[in-house]
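Colleague: For the sequence shown, numbering that gives the first Met the number 0 gives the first residue as 0, with consecutive numbering after it. To start, I am sharing the structure in question, which I have written as structure tokens.
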Amino acid sequence: MPWITQAEFSRGALFKDVSLAMLAGFYASFHLLPLDQATMDAYCRLWVVMARAGRAPDYPDLWIAACAVAKKVPVLTRNPKHFCEVPELAVIGYEIASVQ
0 MPWITQAEFS RGALFKDVSL AMLAGFYASF HLLPLDQATM DAYCRLWVVM ARAGRAPDYP
60 DLWIAACAVA KKVPVLTRNP KHFCEVPELA VIGYEIASVQ
């Protein structure tokens, strides 16, 4: 899980009063991908390419995409439209089925 994804998820969970202990337990099953030079390089390269094409995405989404590009892994997301125009990025969309 990219560092920024964890930060965004934690922010929302804490806002909904999920405890830090519960979050720690949830995150224990994930490998945290830190901000590193490869991710920063990918972010800058992708931003320049997309900005020159007039379509630079939102800041958090581009960091998530850059982390995936740097690690050569796809992004798994419920919002594939947020990532569909990022070059070099494989995107896997999914939906959560409603339980009846």
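Just so it is clear, CB atoms sit at the ideal spot from N, CA and C, and this is done for glycine as well.
In angstroms, rounded to a whole number, what distance separates the CA positions of C43 and A69?
Modeller: Translated into the one-based positions of the sequence shown, residue 43 becomes position 44. Translated into the one-based positions of the sequence shown, residue 69 becomes position 70. Spanning the two alpha carbons is a distance of roughly 11 Å.
Colleague: On a Cα-Cα basis, can you pick out the residue from V48, V47, A64, Q5 that is closest to H101?
Modeller: Outside the displayed range of the chain (0 to 99) lies residue 101, so it cannot be described from this structure.
Colleague: Based on the DSSP output, what are the partners of L32 in its beta bridges?
Modeller: Counting from one through the sequence shown, the residue named residue 32 turns up at place 33. BP columns for L32 point to P1.
Colleague: Going by DSSP in three states, V98 sits in which element: helix, strand or coil?
Modeller: Numbered from its first residue, the sequence shown carries residue 98 at position 99. V98: coil per DSSP, three-state reduction.
Colleague: What do you reckon, are the CB atoms on P33 and W62 nearer than 7 Å?
Modeller: In the sequence shown, counting from the first residue as 1, residue 33 sits at position 34. In the sequence shown, counting from the first residue as 1, residue 62 sits at position 63. It is not a contact, given that the beta carbons lie outside the stated cut-off.
Colleague: Taking the straight line between their C-alpha atoms, what separation do you get for P56 and E94?
Modeller: Taking the sequence shown and counting its residues from 1, one reaches residue 56 at position 57. Taking the sequence shown and counting its residues from 1, one reaches residue 94 at position 95. Each residue's Cα considered, the two are about 22 Å apart.
Colleague: Can you tell me where the beta strand (DSSP E) with L75 in it begins and where it stops?
Modeller: As a first step, residue 75 is located in the sequence shown; it is residue number 76 there, counting from the start. L75 -> beta strand (DSSP E) spans 74-76.
Colleague: Beta-carbon within less than 7 Å of T76's beta-carbon, same chain only, minus the 5 sequence neighbours each way: which residues are those?
Modeller: Counting from one through the sequence shown, the residue named residue 76 turns up at place 77. Within the same chain, T76 has close Cβ partners F82, V90, G92.
Colleague: Any idea if V72 is buried or exposed, counting beta-carbon neighbours within 10 angstroms, 16 or more meaning buried?
Modeller: Taking the first residue of the sequence shown as position 1, residue 72 is located at position 73. Exposed, since its Cβ has fewer than 16 Cβ neighbours within 10 Å.
Colleague: Quick check on the DSSP output: the alpha helix (DSSP H) that includes S24 runs from which residue to which?
Modeller: Working through the sequence shown from its first residue, we reach residue 24 at position 25. The sequence as given places Gly at residue 24; Ser does not occur at that position. 19-26 is the span of the alpha helix (DSSP H), which, as asked, contains G24.
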